[in-house]
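**Q** Provided herewith is a single structure, encoded as structure tokens, for subsequent inquiry.
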Amino acid sequence: MPTSVLMPSLSPTMEEGVLAKWLVKEGDFVKQGTLLCSVETDKTTVDYESMDEGFLRKIVLPEKTQAKVNQLIAVLTETKDEDIGEFLQKAQEKSQKLLTAKIAPVAPVPSALAPPILSTRSPEDRRSGEERRLKASPLARKVAVEAGIPIGAVQGSGPSGRVIRRDVEAFKTNPPATEGPGVAFGAQLPPAVTQDIPLSMMRRTIARRLLESTQSIPVFAVTLKVDAEPLNELRSQLKRGPGYKVSVNDIIVKASAFALRRHPAVNSSFHGEFIRQHGNVDVGVAVSLDGGLITPIVKHADQKSLWNISEEVKALVAKARAGKLAPDEYQGGTFTVSNLGMYGVDEFTAIINPPQAAILSVGGAQPEIALDAQGIPRQKSVMKITLNADHRAIDGALAAQFLSTLKSALENPAWLLF
Amino acid sequence: MENTFDILVIGSGPGGYVAAIKGAQGGKKVALVEKSELGGICLNWGCIPTKALLKSAELLDDLKHAAQFGIQTGAVSADFAKIMNRSRDVARQNSNGVQFLMKKHKVEVLKGQAKILAKGLVEITTPEGGKQTVKAGAVIVATGASPRQFPQYPIDGKTFVTYRQTLALEAQPKKLLIIGAGAIGVEFAYFFNALGTEVHLVEMLPQLLPIEDEEIAKGLLASFKKQGIHCYVGTQVAETKAGKSGVAARLVDAQKQETKITVDQVLVAVGMVPNSKDLGLEAAGVKTDERSFIQVNGHQETSVQGVYAIGDVAGRQLLAHKASAEAEAAVAHILGLAVQGVDYGQIPGCTYCQPQVASIGFTEKACREKKLDFKIGRFPFSASGKARAIGHTEGLVKLIFGAKYGELLGAHILGCDATELLAELGLAMKLEATYEEVMGTVHAHPTLSESVMEAAADSHGLSPHI
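Protein chains in written order, with this note's numbering: chain A, 6 to 423; chain B, 40 to 505.
This is the structure:
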């Protein structure tokens with residue numbers, strides 16, 4: 006009996022996906038759990054494993070082609086050369102009908118059509134398919150959750166690369182470093198050619214959402230200068246002592262959470278008939294990727310220590326760069342921090358990530374001559390921070406108050422120790 | 040060259056013969072030196088023949104209680120000579136099995152006493168006195184351990200015996216004093232008591248099976264007393280005097296209370312010493328510790344590169360399965376494979392008296408001493424339907440989990456088939472399962488193993504049956 010393989014729904018919001026690569030050939034035998042193909046969604050690329058067993062009789066959807074969720078992408082058969090002519094026709098009709106009927110994503114569906122992400126687990130244990138396939142001991146998972154480390158970012162040392170407790174402990178004390186930017190010199194540059202680059206799913210999403218943002222949000226920007234000396238002093242103190250390396254960005258995430266908690270109106274989103282003030286302070290951190298960007302989220306950033314935030318951001322960035330973020334790790338933030346300071350940028354205004362009401366743009370610390378309290382000119386290290394806000398939800402005075410609290414926190418980083 | 044091997048293993052116990060097979064499976068030319076029977080103490084004078092004896096004792100026990108199950112038997116009696124003969128037969132069959140395995144894997148067996156002359160050079164003296172020198176790329180020392188000798192207990196094979204002579208006794212002692220309530224002492228105590236010998240079991244430390252969990256040991260003590268074994272814990276044998284009418288022994292407990300007993304035989308079961316003498320270790324530069332155990336690193340290599348030591352002679356737990364695990368580690372290193380060193384915190388320990396005792400990991404006391412934050416789950420077999428049906432309601436499953444993450448820190452079982460029930464907890468520990476996985480694994484009903492699941496649930500107050 007032939008079985009249909011359908012385009013999986015890999016995230017709650019996924020409507021369509023691009024078949025990036027088939028990982029098996031026609032005629033191959035696949036078992037339950039064999040990786041069939043990688044599917045590119047709006048935000049990430051996920052390997053999709055077979056729910057059934059059989060020979061991959063026919064690939065219906067070629068590579069680099071887009072399909073809607075539940076559209077037929079391949080057919081499995083019990084024997085190698087089974088006739089599938091009739092089945093193929095019926096299955097295609099059926100998946101076409103399903104598409105036109107637009108079934109609700111949560112409606113119960115027959116098992117052959119069930120999305121590959123099983124939702125039988127409790128909500129707090131819900132992980133992406135990618136993550137659940139990872140070999141990790143239950144104990145390692147618990148230690149990782151407690152430490153805020155995504156288990157997928159940890160290299161396993163157990164049998165067959167299984168992540169065991171000591172790997173998570175090692176990751177906690179010594180997380181892997183991320184690579185810095187680099188510039189190629191003339192001789193290494195490839196020849197310049199004019200070319201049309203097809204949009205990746207991620208590029209499409211960026212284009213759609215940012216256009217929507219600039220077209221629909223009445224935005225205004227407020228900029229403040231921050232004395233960066235105390236912040237630098239804090240970092241060098243940490244480095245001198247137990248060797249903690251905390252980045253400027255980590256401190257800004259922590260300070261933003263501190264200020265958001267004290268100005269909850271900034272931690273909000275505009276919904277036409279109402280403004281939703283969020284109970285959670287979930288701060289997104291813009292991360293640049295090859296060919297796009299993504300904003301993984303530090304959830305409950307107001308309740309986490311600077312150290313925890315630093316560890317979590319490192320892990321999230323590593324995962325983002327590996328294309329392994331789970332949807333709930335980048336969806337649903339309440340505020341975003343975008344930092345271009347490390348590229349030597351003075352100041353800039355980032356585009357709001359809707360439905361959030363504000364985004365913080367952080368420039369790099371620059372030396373500046375300024376008058377001190379006695380009126381004597383001194384060299385200072387100054388950093389500019391800009392808040393772009395949705396005026397429907399946030400007024401100018403509120404934006405200024407928020408930035409002022411943020412500035413105070415950054416200039417008195419001892420506040421962030423609690 | 041005929042007398043050159045990739046690997047030479049000295050000693051053919053559960054460490055040595057496993058090492059030899061593993062080496063041969065890895066494509067190496069292997070020789071195994073044994074001065075006595077293949078299979079070492081385990082197969083010939085330890086684990087296996089004692090289990091054969093214990094089976095006879097259990098069967099006798101069951102037959103004596105047959106009426107409870109509605110079975111009428113005539114008078115039941117034990118034939119000591121036949122019981123001992125069966126045990127020897129079982130040992131012989133197992134030893135022959137090892138011989139077959141050696142042939143199958145093309146391991147050359149060399150009879151005789153080995154002496155390391157230098158790195159990679161071993162001299163073998165045959166029982167007839169002939170000598171030959173063998174070259175080997177790697178040498179694995181797996182010579183085991185022997186009972187410790189005490190001047191006050193002169194082992195003569197008649198009045199004072201070790202486990203080894205006990206396994207070849209011709210006559211059943213009427214009254215037996217067992218000094219030392221470790222696994223050997225406890226197993227023989229059960230065996231002889233079941234057969235009708237008056238058994239006096241003396242332990243210097245305050246509990247039977249001193250390395251086991253206190254609560255479990257207390258349960259065993261109560262059971263042994265009920266069975267009629269005279270147990271003396273926290274007690275020393277102050278004096279033994281051999282005379283015409285047997286041995287008079289004076290026992291002194293912690294409160295200085297004296298007990299005088301007279302027995303016709305004394306089984307000395309206190310302590311083991313490594314068989315590290317006469318191997319030429321010192322001359323070869325192989326370091327031993329203050330108790331003469333050979334010192335090894337994480338992959339069993341000694342202070343001399345290319346010389347490995349495994350099993351009892353390398354110290355730590357003196358257990359057959361620990362020796363086999365070390366054999367795997369040593370051979371993996373010789374073959375250049377990734378070595379998963381032995382985790383000594385995950386070596387199960389089993390004692391096969393009735394009720395059986397089985398454990399892995401930390402005792403409750405050890406957890407307290409390490410100041411660990413832990414939770415304990417217990418399930419008594421008296422609450423198990425299966426245990427009631429088969430008439431074995433003695434004992435309990437006791438599991439210790441870390442309070443924060445719920446990892447399994449220790450498992451302790453007293454009762455029927457405890458030694459078989461322990462296996463899943465070894466797996467749980469190895470795979471870093473937490474109480475949730477043990478509790479959440481569906482166990483077949485009715486089985487004794489359900490008690491493991493129930494104990495895991497009880498650690499968090501979730502057991503439905505207690």
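Just so you know, even glycine gets a beta-carbon here, dropped at the ideal spot from N, CA and C.
1. Measure how close the beta-carbons of Gly32(A) and Leu61(A) come, nearest whole angstrom, since I'm counting them as under 8 Å.
2. Return the residue from the list Glu83(A), Thr50(A), Pro67(A) and Lys309(A) that minimises the CA-CA distance to Gly59(A).
3. Taking Gly85(B) as the reference, which of Ala281(B), Glu73(B) and Pro53(B) has the closest Cα?
4. CB Leu144(A) to CB Glu446(B), shorter than 7 Å?
5. Counting only the same chain and skipping the five closest in sequence on each side, list residues whose C-beta sits under 6 Å from that of Ser127(A).
6. Thr473(B) CB to nearest chain E CB: under 7 Å?
7. Apart from the five residues on each side of it in sequence, which residues of its chain come closer than 8 Å, Cβ to Cβ, to Ser331(B)?
8. Give me the Cβ distance between Ala405(B) and Val180(B), rounded to the nearest whole Å; I'm assuming they're in contact under 8 Å.
9. For Leu248(B), collect the residues of the same chain with a Cβ closer than 8 Å to its Cβ; drop the 5 residues on either side in sequence, then sort them by chain order.
10. Going by beta carbon distance, what residues of the same chain come within less than 8 Å of Lys324(A), once the five residues before and after it are set aside?
11. For Leu92(B), tell me which candidate among Glu253(B), Val69(B) and Lys121(B) has the shortest Cα-Cα distance.
12. When DSSP builds the beta bridges, which residues end up paired with Thr84(A)?
13. Please report how far the alpha carbon of Leu123(A) lies from the alpha carbon of Val322(A), in whole angstroms.
14. From the DSSP output, read off the bridge partner residues of Asp412(B).
15. Skipping 5 residues on each side, what residues in its chain have a beta carbon closer than 6 Å to that of Leu320(A)?
16. Cβ of Gln266(B) within 7 Å of Cβ of Phe119(B)?
17. Identify every run of the beta strand (DSSP E) within the region 332-360 of chain B, keeping only runs that are complete inside it and at least 3 residues long; order them along the chain.
18. Under 7 Å between C-beta atoms, does Glu136(A) make it to chain B?
19. Within the same chain, show all residues whose beta-carbon is closer than 6 Å to that of Ala467(B), passing over the 5 residues directly before and after it, in chain order.
20. The alpha helix (DSSP H) that contains Pro359(A), what's its start and end?
21. For Glu367(B), count the other beta carbons within 10 Å of its own beta carbon; 16 or more makes it buried, fewer makes it exposed. Which is it?
22. With three or more C-beta pairs closer than 8 Å as the rule, is the region 282-293 of chain A touching the region 218-228 of chain A?
23. Identify each residue in the region 433-445 of chain B for which the Cβ-Cβ distance to at least one residue of chain A is less than 8 Å, and report them in chain order.
24. Helix, strand or coil, according to DSSP, for Ile156(A) in the structure here?
25. On the criterion of 16 or more Cβ atoms from any shown chain inside 10 Å, does Glu45(A) qualify as buried, or is it exposed?
26. Report the neighbours of Pro155(A) on chain B: residues whose CB is nearer than 8 Å to its CB, in chain order.
27. Could you tell me whether any Cβ in chain A is nearer than 7 Å to the Cβ of Leu470(B)?
28. I'd like the list of long-range same chain contacts for Tyr474(B), defined as Cβ closer than 6 Å, with 5 residues on each side in sequence excluded.
29. Give the list of continuous alpha helix (DSSP H) stretches no shorter than 4 residues that lie fully inside the region 418-446 of chain B.
30. For Ala324(B), which residues of its own chain have a beta-carbon under 7 Å away from its beta-carbon, when the five flanking residues on both sides are left out?
31. Quick one: Cα of Gly349(A) to Cα of Val367(A), how far?
32. Going by CA-CA distance only, name the one from Ser142(A), Thr70(A), Glu278(A) and Ala25(A) that's closest to Glu471(B).
33. Which residues share a DSSP beta bridge with Thr49(A)?
34. So does the region 248-255 of chain A actually touch the region 268-283 of chain A, counting three or more Cβ pairs closer than 8 Å?
35. So if DSSP puts His451(B) in a beta bridge, which residue, or which two residues, is it bridged to?
36. Can you name the residues of chain B whose CB is closer than 8 Å to the CB of Ser142(A)?
**A** Short version:
1. The residue labelled residue 32(A) in the question sits at position 27 within the first sequence. The residue labelled residue 61(A) in the question sits at position 56 within the first sequence. Correct: roughly 7 Å between the Cβ atoms.
2. The residue labelled residue 59(A) in the question sits at position 54 within the first sequence. Comparing Cα positions, the closest option is Glu83(A).
3. Translated into the one-based positions of the second sequence, residue 85(B) becomes position 46. The candidate whose alpha carbon is nearest that of Gly85(B) is Pro53(B).
4. On the first sequence, position 139 is the one that residue 144(A) refers to. On the second sequence, position 407 is the one that residue 446(B) refers to. A distance below 7 Å separates the beta carbons of Leu144(A) and Glu446(B).
5. For the purposes of this step, residue 127(A) is taken as residue 122 along the first sequence, with counting starting at 1. Residue placement at Ser127(A) cannot be trusted, given a pLDDT of 38 that sits under 50; what the coordinates show is reported in the next sentence. Closer than 6 Å at the Cβ level, and outside the excluded window around Ser127(A), lies no residue.
6. Among the protein chains in the structure shown, which are A and B, there is no chain E.
7. Looking up residue 331(B) in the second sequence gives position 292. Correct list, in chain order: Val312, Pro313, Ser315 and Lys316.
8. Walking along the second sequence from the start, residue 405(B) turns up at place 366. Walking along the second sequence from the start, residue 180(B) turns up at place 141. Wrong, their Cβ atoms sit about 30 Å apart, outside the cutoff.
9. The count along the second sequence starts at 1 and reaches residue 248(B) at position 209. Cβ within range, chain order: Ala220, Gly221, Ala222, Val225, Ile255, Ala256, Leu259, Thr390 and Val396.
10. If you number the first sequence from 1, residue 324(A) lands on position 319. Excluding sequence neighbours, Lys324(A) sits near Pro155, Gly157, Ala158, Pro301, Leu330 and Glu334.
11. Here residue 92(B) refers to the residue found at position 53 when the second sequence is read from its first residue. The residue with the shortest Cα to Cα distance from Leu92(B) is Lys121(B).
12. If you number the first sequence from 1, residue 84(A) lands on position 79. Residue pairing by DSSP places Thr84(A) in no beta bridge whatsoever.
13. If you number the first sequence from 1, residue 123(A) lands on position 118. If you number the first sequence from 1, residue 322(A) lands on position 317. Its pLDDT being 32, under 50, Leu123(A) is placed unreliably by the model, and the measurement read from it follows with that caveat. Computed Cα separation, rounded: 26 Å.
14. For the purposes of this step, residue 412(B) is taken as residue 373 along the second sequence, with counting starting at 1. Looking at the DSSP assignment, Asp412(B) forms no beta bridge with any residue, so it has no partner.
15. Looking up residue 320(A) in the first sequence gives position 315. It should be noted that the sequence gives Ala, not Leu, for residue 320(A). The answer, listed in chain order, is Ile154, Pro155 and Ala158.
16. In the second sequence, counting from the first residue as 1, residue 266(B) sits at position 227. In the second sequence, counting from the first residue as 1, residue 119(B) sits at position 80. Going by C-beta atoms, Gln266(B) is not nearer than 7 Å to Phe119(B).
17. 346-348
18. As a first step, residue 136(A) must be located in the first sequence, where it is residue number 131. Confidence at Glu136(A) is low in this model, with a pLDDT of 43, below 50, so its placement is unreliable and the value that follows should be read with caution. Not an interface residue.
19. One-based indexing of the second sequence puts residue 467(B) at position 428. Taken in chain order, the residues that qualify are Leu447 and Val477.
20. Locating residue 359(A) in the first sequence gives position 354, counting from the first residue. It is not in any alpha helix (DSSP H) - Pro359(A) carries neither H nor E in the DSSP assignment.
21. For the purposes of this step, residue 367(B) is identified with residue 328 of the second sequence, where counting begins at 1. Under this definition Glu367(B) is a buried residue.
22. no
23. Listed by position, the residues of the region 433-445 of chain B near chain A (Cβ gap below 8 Å) are Lys443, Tyr444 and Gly445.
24. Within the first sequence, numbered from 1, the residue matching residue 156(A) stands at position 151. In this structure, Ile156(A) counts as helix in the three-state DSSP scheme.
25. Your numbering for residue 45(A) matches position 40 in the first sequence. So Glu45(A) ends up on the buried side.
26. Residue numbering aside, residue 155(A) sits at position 150 when the first sequence is read from its first letter. Here the premise fails: no neighbours, minimum Cβ distance about 17 Å.
27. Within the second sequence, numbered from 1, the residue matching residue 470(B) stands at position 431. True, the Cβ-Cβ gap to chain A drops below 7 Å.
28. Position 435 of the second sequence, counted from the start, is the residue given in the question as residue 474(B). Here the set comprises Phe440, Gly445, Ala495 and Ser498.
29. 424-428
30. Counting from 1 along the second sequence, the entry for residue 324(B) is found at position 285. For clarity, residue 324(B) is Gly in the given sequence; the question names Ala instead. Around Gly324(B): Ser342 and Val343.
31. As a working mapping, residue 349(A) is identified with position 344 in the first sequence. As a working mapping, residue 367(A) is identified with position 362 in the first sequence. Rounded to whole angstroms, Gly349(A) to Val367(A) spans 11 Å at the Cα level.
32. Against the second sequence, residue 471(B) aligns to sequence position 432. Out of Ser142(A), Thr70(A), Glu278(A) and Ala25(A), Ser142(A) has the C-alpha closest to the C-alpha of Glu471(B).
33. Taking the first sequence and counting its residues from 1, one reaches residue 49(A) at position 44. DSSP lists no partner for Thr49(A).
34. no
35. Looking up residue 451(B) in the second sequence gives position 412. Under DSSP, His451(B) shares a beta bridge with Ser398(B) and Lys437(B).
36. Numbered from its first residue, the first sequence carries residue 142(A) at position 137. Those are Leu470, Glu471 and Ala472, listed as they occur along chain B.
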